[in-house]
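Input: a single structure, listed below in structure tokens.
Residue numbers (UniProt numbering): 1 to 658.
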């Protein structure tokens with residue numbers, strides 16, 4: 001029969017500490033299992049440490065943690081074959097350390113219940129009282145001649161310490177679960193908790209006689225020991241039913257802080273919330289949180305994967321984390337490693353880099369906007385799709401390298417092509433390539449479809465256009481202008497370069513009949529037909545090898561005014577509307593415009609002073625030309641489309657009569 005060794009009271013000065021900690025220690029009661037298993041792993045690790053010294057000469061055996069459920073007794077137990085405890089150690093680590101830490105926790109947080117607490121490793125054992133009305137410890141130390149002891153507490157400040165009949169080294173924690181916590185008597189619930197919190201812990205966790213955890217944490221291994229399939233297997237396991245990741249970054253450092261992890265670049269879906277983190281935070285292979293928003297730089301939040309560190313303080317509020325110096329240094333380290341990985345990919349596999357750019361570009365541009373160090377690191381590897389033909393017509397030069405005797409192409413630009421044949425370039429390459437044609441000026445497009453007419457105009461005259469057509473580029477263009485202060489960025493529909501205007505077309509020659517130039521007559525014709533004071537009519541002859549293929553008119557949106565409207569819309573969280581004030585450039589070199597002039601000149605005013613059918617037809621054609629120019633810029637709303645269709649039908653009817 002066991003002999004009572006000691007009874008007494010736990011020395012705690014805060015009144016009612018048990019109910020307070022039960023309420024505020026953790027947001028989820030289920031955390032208790034994570035904490036108890038973590039303590040069991042620690043006990044096994046400590047045994048391994050002492051086994052390498054002269055203090056222990058016994059057999060370590062195979063490490064193992066066992067979870068047992070007794071539904072009849074309503075108990076859940078966690079057992080390990082680790083280092084165990086003596087009676088003095090139970091009194092020290094359970095009665096004094098754990099509960100004094102609990103008291104410190106309460107004094108710190110009881111008046112700040114709105115703070116989000118990440119976790120409290122060190123108070124792990126006490127978390128068992130969140131789900132139990134009585135907790136027992138049965139333990140036998142590794143030390144020679146040690147006596148097994150049994151500790152029991154019913155959730156008050158009273159405890160009982162007695163001898164135990166245990167004969168196996170290690171510790172068993174038995175929880176007598178409360179009625180309302182009966183879910184933890186279900187095997188499937190425990191399996192789910194093990195998978196969530198303890199799957200990658202390095203010790204087998206046995207449940208119903210079978211190992212319930214994976215044990216292997218790839219991020220703790222050397223990158224040289226992992227294959228691509230190993231990385232992909234982890235990603236599939238962490239994020240099932242997702243597309244394969246684009247690439248990954250392995251984090252592995254132990255100075256000046258300890259950080260391990262694997263971060264993946266996913267394919268970005270349109271509905272991805274780039275402000276919400278999806279990286280899982282671990283501490284010594286123990287799952288802590290589903291996001292690392294305070295630890296990962298903001299621009300990397302859409303990344304996925306694992307960050308594992310013992311140097312991230314877990315027993316603090318999230319607001320404290322944001323200001324912690326070590327956390328900031330870890331964030332800088334992660335950003336640098338991501339930048340290094342992208343640089344490495346660009347230099348060693350440019351085709352893969354370009355293939356991933358549609359998704360990578362968002363990360364890179366967002367990072368450049370928000371992180372100066374990352375901006376400097378990645379500046380030379382920001383690429384843009386371009387209209388230039390970068391594939392040389394000359395045969396590629398093949399050289400034999402000394403390193404591996406492989407024949408490699410020296411044609412760098414030809415490598416900057418994606419699978420569809422679209423060429424890519426850096427901004428520095430663009431500026432260097434075009435300094436003779438338009439030094440320090442960049443033409444760009446934000447919408448390949450709606451701005452196709454403008455892109456074609458530039459291409460026909462040998463002007464290279466960059467595609468800045470991702471959602472982030474609205475913010476990225478002003479950033480580029482700050483970085484390249486001497487460079488002017490012009491959207492293809494903002495204004496026309498002199499290269500696109502045919503100054504020799506004779507539009508300024510005065511017609512002796514009307515005493516007006518061709519341009520002036522065209523302007524009057526359109527101003528009268530449109531009758532829209534906010535639309536400025538401009539006339540110019542556009543250069544083109546095929547005058548019929550060039551547009552009869554295009555709409556221009558002045559760069560500064562358009563940007564101002566976009567900025568105002570963004571500030572008001574509204575969609576930018578098409579500006580009422582814009583310019584209609586009428587191409588006086590187009591045959592349709594010349595025919596319009598001829599038609600208007602042949603108009604005979606009717607006796608009653610009304611508009612002749614010919615004049616009415618000319619007005620409708622002017623409006624139709626304007627509609628077509630608008631369609632190249634924006635879609636019509638319901639009323640606009642209705643008017644366009646009615647006008648088109650009237651115009652076609654009139655033309656068929658003629």
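Where a beta carbon is used, it is the ideal one built from N, C-alpha and C, also for glycine.
Among the options, the one whose alpha carbon lies nearest that of residue i
{"i": "residue 145", "options": "131, 187 and 55", "result": "55"}
{"i": "residue 589", "options": "552, 614, 612 and 581", "result": "552"}
{"i": "residue 59", "options": "586, 248, 132 and 49", "result": "49"}
{"i": "residue 266", "options": "280, 248 and 253", "result": "248"}
{"i": "residue 149", "options": "135, 186, 540 and 164", "result": "164"}
{"i": "residue 132", "options": "30, 222 and 212", "result": "30"}
{"i": "residue 252", "options": "484, 141, 337 and 453", "result": "337"}
{"i": "residue 173", "options": "240, 80 and 242", "result": "80"}
{"i": "residue 632", "options": "497, 455 and 600", "result": "455"}
{"i": "residue 137", "options": "157, 143 and 84", "result": "84"}
{"i": "residue 128", "options": "86, 78, 650 and 470", "result": "78"}
{"i": "residue 384", "options": "370, 372, 431 and 307", "result": "431"}
{"i": "residue 166", "options": "157, 156, 139 and 422", "result": "139"}
DSSP state of residue i mapped onto helix, strand, coil
{"i": "residue 181", "result": "helix"}
{"i": "residue 83", "result": "coil"}
{"i": "residue 283", "result": "strand"}
{"i": "residue 306", "result": "strand"}
{"i": "residue 147", "result": "coil"}
{"i": "residue 651", "result": "helix"}
{"i": "residue 625", "result": "helix"}
{"i": "residue 438", "result": "helix"}
{"i": "residue 356", "result": "helix"}
{"i": "residue 261", "result": "strand"}
{"i": "residue 169", "result": "coil"}
{"i": "residue 176", "result": "strand"}
{"i": "residue 223", "result": "helix"}
{"i": "residue 431", "result": "helix"}
6 Å CB neighbourhood of residue i in its chain, flanking five on each side removed
{"i": "residue 627", "result": "644"}
{"i": "residue 711", "result": "Missing from the structure shown is residue 711; the chain here goes from 1 to 658 and no further."}
{"i": "residue 185", "result": "69 and 71"}
{"i": "residue 220", "result": "260"}
{"i": "residue 41", "result": "201 and 203"}
{"i": "residue 377", "result": "339"}
Contact set for residue i: own chain, Cβ-Cβ below 7 Å, skip 5 residues either direction
{"i": "residue 234", "result": "218 and 262"}
{"i": "residue 277", "result": "291, 292, 293, 296 and 301"}
{"i": "residue 547", "result": "589, 590 and 591"}
{"i": "residue 451", "result": "445, 492 and 493"}
Backbone CA spacing between residue i and residue j [nearest angstrom]
{"i": "residue 171", "j": "residue 301", "result": "41 Å"}
{"i": "residue 578", "j": "residue 656", "result": "34 Å"}
{"i": "residue 238", "j": "residue 305", "result": "8 Å"}
{"i": "residue 37", "j": "residue 195", "result": "12 Å"}
{"i": "residue 210", "j": "residue 188", "result": "13 Å"}
{"i": "residue 375", "j": "residue 344", "result": "16 Å"}
{"i": "residue 46", "j": "residue 82", "result": "7 Å"}
{"i": "residue 6", "j": "residue 225", "result": "53 Å"}
{"i": "residue 489", "j": "residue 472", "result": "16 Å"}
{"i": "residue 478", "j": "residue 332", "result": "25 Å"}
{"i": "residue 346", "j": "residue 179", "result": "59 Å"}
{"i": "residue 175", "j": "residue 154", "result": "10 Å"}
{"i": "residue 183", "j": "residue 191", "result": "12 Å"}
{"i": "residue 545", "j": "residue 503", "result": "15 Å"}
{"i": "residue 580", "j": "residue 614", "result": "29 Å"}
{"i": "residue 197", "j": "residue 34", "result": "6 Å"}
{"i": "residue 228", "j": "residue 369", "result": "31 Å"}
{"i": "residue 162", "j": "residue 151", "result": "6 Å"}
{"i": "residue 443", "j": "residue 436", "result": "14 Å"}
Residue i CB to nearest heavy atom of the ligand ZN below 7 Å
{"i": "residue 334", "result": "You won't find the ligand ZN in this model; it holds no ligand whatsoever."}
Other residues of its chain near residue i: CB distance less than 8 Å, five sequence neighbours each side excluded
{"i": "residue 530", "result": "537, 584, 622, 623 and 626"}
{"i": "residue 494", "result": "556, 557, 558, 559 and 562"}
{"i": "residue 500", "result": "457, 458, 461, 463, 542 and 543"}
{"i": "residue 206", "result": "64, 65, 66, 67 and 212"}
{"i": "residue 257", "result": "309, 311, 326, 329, 330 and 333"}
{"i": "residue 43", "result": "80, 82, 83, 84, 170 and 171"}
For residue j and residue i, believed in contact at Cβ under 8 Å, the rounded distance
{"i": "residue 661", "j": "residue 491", "result": "Because the chain in this structure spans residues 1 to 658, residue 661 falls outside the shown range and cannot be described."}
{"i": "residue 32", "j": "residue 130", "result": "6 Å"}
{"i": "residue 425", "j": "residue 386", "result": "5 Å"}
{"i": "residue 367", "j": "residue 476", "result": "The pair is not a contact, with the Cβ atoms about 11 Å apart (cut-off 8 Å)."}
{"i": "residue 264", "j": "residue 245", "result": "4 Å"}
{"i": "residue 653", "j": "residue 586", "result": "Between residue 586 and residue 653 the Cβ distance is about 25 Å, and since that is not below 8 Å, they are no contact."}
{"i": "residue 354", "j": "residue 453", "result": "Wrong, their Cβ atoms sit about 27 Å apart, outside the cutoff."}
Cutoff 8 Å: residue i Cβ touching any chain C Cβ
{"i": "residue 164", "result": "The chain labelled as chain C is not found in the depicted structure, where only one protein chain is given."}
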